Amino acid sequence: MATQELTSKSATSSDTEKGLVGGSHSAEGATTVTGRTGPSEPPATRGKTSIADVVVVKIAGMAAREIPGVHDMGGGLSRTIGAVRDRVPGGRPNVGRGVKVEVGERQTAIDLDIVVEYGVPITDVAHDVRENVIAAVERITGLEVVEVNVAINDVHLPDDDRDTTAETRVE
């Protein structure tokens with residue numbers, strides 16, 4: 377992740393008096409965006425909204441997987457464990473595999489580890505992944521995405537799809 381600090385717009389003293397103070401990051405990994413308070417404020421702006429880090433992870437993972445040319449996500453070990461998990465009856469795929477996030481008060485930074493299909497232009501896939509992830513996270517959470525770092529871990533070759541578990545018959 378980048379070493380830059382994830383910050384929000386600084387609140388003025390008048391914002392504090394009106395209840396417009398930014399947000400906070402809790403120890404549980406959630407960002408709390410503080411709304412306005414008081415009976416004179418519109419109902420939709422009263423109270424707090426918390427966005428857990430795992431929410432951003434799942435949104436980013438789903439958005440990255442939507443891009444043509446992305447075969448899988450995660451490093452070698454996490455993909456192996458994920459393949460085992462996917463074969464277990466009742467197991468669900470982990471959409472957050474290969475995604476790491478840092479969430480601040482109003483901003484987030486995202487790291488993605490992806491496997492691309494052989495033959496696709498890697499720079500185009502990375503560009504499309506960045507655009508889709510930023511659009512999805514900003515639209516759904518309202519957080520500003522300051523960066524999306526894409527690491528290409530592997531290339532999926534067409535030969536990787538052949539069935540290596542076929543039974544051998546002895547006659």
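Okay, so the sequence shown: first residue is 377 according to our numbering, each after it adds one.
Glycine included, each C-beta is placed from N, C-alpha and C at the ideal position.
Just so we're clear, the structure is a prediction, and the values are computed from it rather than from any experiment.
- With a threshold of 16 other beta carbon atoms within 10 Å, G450 meets it and is buried.
- For A428 and E493, the gap between their C-alpha atoms comes out near 32 Å.
- In the structure shown, E493 adopts extended strand secondary structure according to DSSP, grouped into three states.
- Taking the Cα positions, V477 is about 28 Å away from R422.
- V513 is positioned such that its CB atom lies closer than 8 Å to that of A436.
- Here L533 is exposed: its Cβ has fewer than 16 other Cβ atoms, across all protein chains shown, within 10 Å.
- E481 sits in coil when the DSSP states are folded into three classes, being neither helix nor strand.
- Within the same chain, Cβ atoms closer than 7 Å to the Cβ of V446 are found at A440, I490, V492, V501, V505, the five residues on either side in sequence being excluded.
- Here DSSP, grouped into helix, strand and coil, assigns V509 to helix.
- Straight-line spacing of the CA atoms in P497 and P444 works out to 11 Å.
- For D530, the enclosing beta strand (DSSP E) begins and ends at 520 to 532.
- Looking only at S416, K424, T413, N470, the smallest Cα-Cα distance to A406 is reached by K424.
- In the DSSP assignment, V446 falls within the beta strand (DSSP E) that extends over 446 to 449.
- Between V522 and V509, the beta carbon gap of about 12 Å keeps them out of contact (Cβ cut-off 8 Å).
- Residue state for R422 is assigned as strand, using DSSP reduced to three classes.
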